[in-house]
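Under the UniProt record's numbering, think of the first position of the sequence shown as 1, with each following residue one higher. Down below is the structure, laid out as structure tokens.
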Amino acid sequence: MPQNKAQCTEQQKIVPRNVMREQDVVLPVHNKTQSSVRITWYRGNTIKNDQIIAFLTVNSFYNIRGPADGPVSINKDGSLVLRKVTMNDTGIYTIVIQHPDTRIQIGLRQLNVYEPVRMPILLASNTTFTENKGAVVLTCYTDELTLQWLFNGLQLQLTERMKLSEDHRNLTIDPVKREDAGNYQCEVFNPISSLASVPIELDVKSE
């Protein structure tokens, strides 16, 4: 955006937002004053005219919004509305607020759209053991990148007999002891949702 010598540009910090797919999302205006005469939203970290997706122009004679409805619209307060967001809506949104004194505020909004996680599947190489006479491998089947292991509903505290694979999807206990008896689950999550697998119970008998 061209600037003359009288213009003063204020850059705001980026504001992240994590949402679930198919949600309606409102990206708010921060530090807006009554003196603002135009609010413009751009898709991406840019202020190019061909990336304008919504605008609001206000003066003593008229109030123009574009668009006022549809999948993308702008409210009367200048906030941006995105309806039923998809993964393609993930990214940076730039807001430019222009004031009568030629002062310009530029803000960035980071929108992260996520699919709800799917329940992982947990399998065990065996579920019945005699203490100190066997090992078990628990495998968590999931496409999610982040997971943790649960033991009796709480986060598993690893011991020296427990090893996780590099991707954390395989848990090996060798040898299996009495204190390892109980329910195991793997839990997957992303910033907006989480799900745990159906528990698998290990039964450990004394030697």
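Glycine included, every Cβ here is placed at the ideal spot set by N, Cα and C.
Got a sec, what are the start and stop residues for the beta strand (DSSP E) residue i sits in?
i: valine 96; result: 91-98
i: isoleucine 74; result: 72-74
i: serine 194; result: 193-196
i: glutamine 148; result: 147-151
i: valine 58; result: 52-58
i: threonine 40; result: 38-43
i: valine 26; result: 25-27
i: isoleucine 47; result: First-last for isoleucine 47: undefined, no H or E at that position.
What does DSSP give as the partner residue(s) for residue i in the beta ladder?
i: lysine 205; result: Thr130
i: proline 16; result: Gln110
i: serine 178; result: The question names serine, but residue 178 in the sequence shown is arginine. DSSP lists no partner for arginine 178.
i: isoleucine 173; result: Val136, Met162
i: leucine 156; result: Leucine 156 is not bridged to any residue.
i: glutamine 185; result: Leu150
i: valine 81; result: Val26, Ser73
Mind checking residue i: buried by the 16 CB within 10 Å criterion, or exposed?
i: glutamine 185; result: buried
i: glycine 78; result: buried
i: serine 197; result: buried
i: tyrosine 93; result: buried
i: valine 176; result: buried
i: valine 136; result: buried
i: arginine 109; result: buried
i: glycine 91; result: exposed
i: asparagine 4; result: Unreliable placement is indicated for asparagine 4, whose pLDDT of 43 sits below 50; the coordinate value is still reported in the next sentence. When all chains shown are included, asparagine 4 counts as exposed.
i: leucine 111; result: buried
i: aspartate 50; result: exposed
Residue i to residue j, Cα distance in whole Å?
i: proline 2; j: threonine 57; result: Confidence at proline 2 is low in this model, with a pLDDT of 41, below 50, so its placement is unreliable and no value can be given for it.
i: phenylalanine 151; j: asparagine 183; result: 6 Å
i: aspartate 203; j: leucine 122; result: 16 Å
i: arginine 17; j: asparagine 132; result: 49 Å
i: residue 211; j: serine 206; result: Outside the displayed range of the chain (1 to 207) lies residue 211, so it cannot be described from this structure.
i: residue 296; j: tyrosine 42; result: Because the chain spans 1 through 207 in this model, residue 296 falls outside it and cannot be assessed.
i: serine 194; j: arginine 169; result: 16 Å
i: alanine 201; j: aspartate 24; result: Alanine is not the amino acid found at residue 201; the sequence shown has glutamate there. Going from the Cα of glutamate 201 to the Cα of aspartate 24 covers about 41 Å.
i: valine 113; j: isoleucine 14; result: 16 Å
i: valine 37; j: glutamate 115; result: 38 Å
i: glutamate 179; j: threonine 130; result: 12 Å
i: threonine 128; j: tyrosine 141; result: 21 Å
i: glutamine 157; j: serine 165; result: 15 Å
i: asparagine 45; j: isoleucine 97; result: 15 Å
i: tryptophan 149; j: glutamate 187; result: 6 Å
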